[in-house]
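Once you know that position 303 of the sequence shown is 1136 in my numbering, the rest is easy, because the numbers rise by one and skip nothing. Glycine included, C-beta positions come from ideal geometry on N, C-alpha and C. All of these numbers come straight from a predicted model, not from anything done at the bench. Working notes, structure below.
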Amino acid sequence: MVTDASRARGGAGTAAAGPARLRVALIVNRLTVGGLERAVLTIATGLDPGRFEVRIVCLARAGALAERAASAGIPVTTLGSRVAVDPLALWHAAACLRKLVRWVRAFDPQVVQTHLFYSQFLGSLAARASPVRGLVHVEQNFYRWKNRVTRLVELWALGRRGVVVVPTRVLADHHGRRLGLGPDRVLVIPNGVELPPSVARPDTRATLRLPEGSVLVGVAERLVPAKRQALLLEAAALAAREEPRLHFVIVGDGPVRGALEARCRADDLNGRVRFVGETVEPMPWIASMDVYFTASTMEGFGIAPVEALALGVPVLAPAVPVFEETLGRSGAAHLVSPDSLREMAAHLVALARDPEERRLMGERGKEHARDRFGADAMVDAYGKLYETLAVR
């Protein structure tokens, strides 16, 4: 268990004199490396400590980001539940619920925020054991596996006053229709990008030992079938035949990594693709890229492509509704047919051969990310929502 750490500099975990602060509980399955978890961390560490007391509870294990939260002064509690569908699932859920109810009663939050279905179900049950005033559930993706049964559970969990928060209008429309909720119950708060004080591009890129004059294309995401990295590699191989300066880096880990590495041992990609594994700090790797390229079509927001824009890296992505909303008007992204290898490859080659276009796209991307996806704006929006819910 990671518990109360005092915040060294400005965050919602620091004790503050004066009026009582609004107590906010952020309930997650775990704090592993991922877009959802990074958003939770940004909210927790960004809220004004004079107005909010924030604590995080991980139902399963803590994960790599838990230490960052604790070092920032945000108390993190781990309950050690098993989040899985197996014969003992109900037993694990019941044991976890007992622990969570005790935790909620001890903290006595005014607002509870949940993430993912397991967290929503147990979090809403625990909230009913305490006089919680506001209930927020965050949906970061489509989750098309959900059915009529899960819909009934979700609506019960939300009750009459709970709200759903999503990062894009596309997701708001999807979940609003699915749950039968209006715009007063499904709210859009775009995810925010928080850039570190410095991003070491030269040192990071140097570790790859690329040939002189290389153009580096990369992606930073979990390696799972839904992200379609296999398709990305086929487009990469096609582009590299025409433009030999192209090299590729894949940042992340997951169950398909072995298959992807095996594909890269073939002659058309051998020695051209580097795998660097999972990292808590992906931004230095993204900043080292000349082009960010994702083939994923199942994003609810896609935080890494937006981070690429913020870092001045042009983006190549599928023309799907979410990316059309987040990237489409940026002037910093090329959106291509989701299944056209030739179109993907053609754009990779064109960008590799036009450094001035990459530079201009990078400048436009920085402005777009700054105007639409600032971390401060996201944190401020969540803070105002919590305050509104707490006085209902």
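| query | result |
| --- | --- |
| Buried or exposed by the 16-neighbour rule on C-beta atoms within 10 Å, applied to residue 968 | buried |
| Straight-line Cα distance separating residue 1098 from residue 1074 | 15 Å |
| Nearest residue (CA-CA) to residue 1090, options 1062, 1116, 1104 | 1062 |
| Bridge partner(s) assigned by DSSP for residue 1150 | 1168 |
| Three-way DSSP call (helix, strand, coil) for residue 967 in this model | strand |
| Counterpart residues of residue 889 in DSSP-defined beta bridges | 859, 909 |
| Neighbourhood of residue 849 by C-beta distance below 6 Å, restricted to the same chain and skipping five residues each side | Residue confidence is low: residue 849 scores 48 on pLDDT, short of 50, so the model does not pin down where it sits. No coordinate-derived value is stated. |
| Start-to-end residues for the beta strand (DSSP E) that takes in residue 1110 | 1106-1110 |
| Start-to-end residues for the beta strand (DSSP E) that takes in residue 1126 | 1124-1126 |
| Endpoints, beta strand (DSSP E) assigned at residue 1083 | 1079-1084 |
| Cutoff 8 Å; reference residue 817; Cβ partners in own chain excluding five residues on either side | The chain is shown from 834 up to 1225; residue 817 falls before or after that span and cannot be answered. |
| Residues sharing a beta bridge with residue 1051, DSSP | 1082, 1125 |
| Bridge partner(s) assigned by DSSP for residue 947 | 860, 970 |
| Nearest-angstrom Cα separation, counted from residue 963 out to residue 1152 | 45 Å |
| Endpoints, the alpha helix (DSSP H) within which residue 998 is located | Where residue 998 is concerned, there is no enclosing alpha helix (DSSP H), although the beta strand (DSSP E) it sits in stretches over 996-999. |
| Nearest-angstrom Cα separation, counted from residue 1020 out to residue 941 | 25 Å |
| Straight-line gap, residue 1134 to residue 1077 (C-alpha atoms, nearest Å) | 32 Å |
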